[in-house]
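Letter by letter, the sequence shown follows residues 4 to 354 in the numbering used here.
Note that beta-carbon positions come from the ideal geometry of N, C-alpha and C, so glycine has one too.
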Amino acid sequence: TAPGTAEYAKILTEVAWDRIQFVSWNRRYDHPWLQQAHAEAEQAIELLTQPYDKLHAHYALVAVESLSVPRNLDRFQQRMRQIKQDLDQIPGVKGLQGQLIANDLVKSLASEAAAIVLPSPPRSREVLDVAVHANPPKQDIIWQWNFDQDQLGRLPAGFTALGSQSEQADGWQVQVDQAMPNETQRLVRASTCRTENCIRLLVAMGVRTTYPDVTVQVRTPHSTDQGEAGLAVAVTDQANYYAITLQPGTGLVTTRRIVNGNVTVLGQVTAKLAPKSWHTIRVQRINFLHLDKGRLAVYIDGAQVAAVDDAVLPPDGQVGFIALGPGEAQFDGLHVLDLVSNRTFSKPAAY
4 TAPGTAEYAK ILTEVAWDRI QFVSWNRRYD HPWLQQAHAE AEQAIELLTQ PYDKLHAHYA
64 LVAVESLSVP RNLDRFQQRM RQIKQDLDQI PGVKGLQGQL IANDLVKSLA SEAAAIVLPS
124 PPRSREVLDV AVHANPPKQD IIWQWNFDQD QLGRLPAGFT ALGSQSEQAD GWQVQVDQAM
184 PNETQRLVRA STCRTENCIR LLVAMGVRTT YPDVTVQVRT PHSTDQGEAG LAVAVTDQAN
244 YYAITLQPGT GLVTTRRIVN GNVTVLGQVT AKLAPKSWHT IRVQRINFLH LDKGRLAVYI
304 DGAQVAAVDD AVLPPDGQVG FIALGPGEAQ FDGLHVLDLV SNRTFSKPAA Y
């Protein structure tokens, strides 16, 4: 097929989807194929003229944004607007975007659609009337924080500190990122502690997930610090949670289970860190391969470094930041996605 033709563009779109599938199934979010798929889909869109063909390529860009680390919600919504424009140009489809979107994540981010009421057939009075809504109830399956609008010197809005000592519970605050030239960006800082085994835990209130996909940026101001910074998931209280931490000075990644205050190390591995100050930690709780037990998949700077099985993961819990040791730790760009949304859209059946 000759380059520059519509057929060539369709092949580019299919190749982009093949790359996206590889990245998604293998959880290789750092793989260069993701950005290559982005470039191929963009090139295909420039060559295509029919809205249906463009729709297929634009959906590839939506998939790329969904898999990118960290996620950019504004860019995701921009891609969704492009899809709506494609749909509005297809005869007989205009106005049906809300009904055609099947993915829960996309549903929660798409604009509201009007309700559709189907004719009610004759039935017993004991059976509820049938009403199908194109706009499902808000699912609350994605959250993100950059803390740039939070008040300096205070806890970030919507978060609460947990700790057995007041020193540990009060050590969190929002501060300006001194490394940025305009000093307009803000981050969350866990201050230093006087004790060697200090634990500081900050959780997001109102966010409970069963299968979280959590991403955060972490940094320690001094490369010689032996402290650890990371994510806490499945948090039920200050004595029960999972901690996945990175020691930026050495690259040591540790996964711990804390039950009633007793700590069990589930796994340790040393990651090869890039020479930069901020590092990305991503944790996914998955059970796609092992339905009888949970698994915590851990990624550092986009590359998977660990996958820890544990049969006692609780059914749900909160997520947040954790800092271990006496050193200072800094956090920014927290993104949380509930991978499985099992809340029903309709009322229970009458029988």
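Asked, Found
"Cβ shell of S169 (< 8 Å), same chain only, five flanking positions each side left out", "With a pLDDT of 44 at S169, under the threshold of 50, the modelled position of this residue cannot be trusted; read the value that follows with caution. Closer than 8 Å at Cβ, skipping near neighbours: no residue."
"Euclidean distance between Cα positions of I144 and Y32", "20 Å"
"When L342, D335, K13 and F324 are compared against V179, the one with the closest alpha-carbon", "D335"
"Cutoff 6 Å; reference D216; Cβ partners in own chain excluding five residues on either side", "Q287, L340 and L342"
"Rounded separation between G330 and A5 - CA only", "60 Å"
"Boundaries of the alpha helix (DSSP H) in which L188 is found, first to last residue", "Position check: residue 188 holds Gln in this sequence, whereas Leu was assumed. Per DSSP, Q188 belongs to no alpha helix (DSSP H) and is neither H nor E."
"Terminal residues of the beta strand (DSSP E) in which V308 lies", "A306 to D313"
"Nearest-angstrom Cβ-Cβ length linking G323 and A207, presumed shorter than 8 Å", "6 Å"
"Sufficient close CB pairs (3 or more, under 8 Å) joining the region 246-256 to the region 270-289", "yes"
"Endpoints, the alpha helix (DSSP H) within which V18 is located", "A9 to N29"
"For F162: DSSP bridge partner residues", "A207"
"Three or more C-beta pairs below 8 Å linking the region 22-37 and the region 61-81", "yes"
"Buried or exposed (CB count within 10 angstroms, at least 16 for buried), Y55", "exposed"
"Rounded separation between G328 and Q81 - CA only", "42 Å"
"Reduced DSSP category for Q39 - H, G, I as helix; E, B as strand; rest coil", "helix"
"Identity of the residues DSSP links to V236 by a beta bridge", "Y245"
"Rounded straight-line distance, which links the Cα of V238 to that of A172", "Only weak support is given to the placement of A172: the predicted model assigns it a pLDDT of 48, under 50, and the question is left unresolved by the model."
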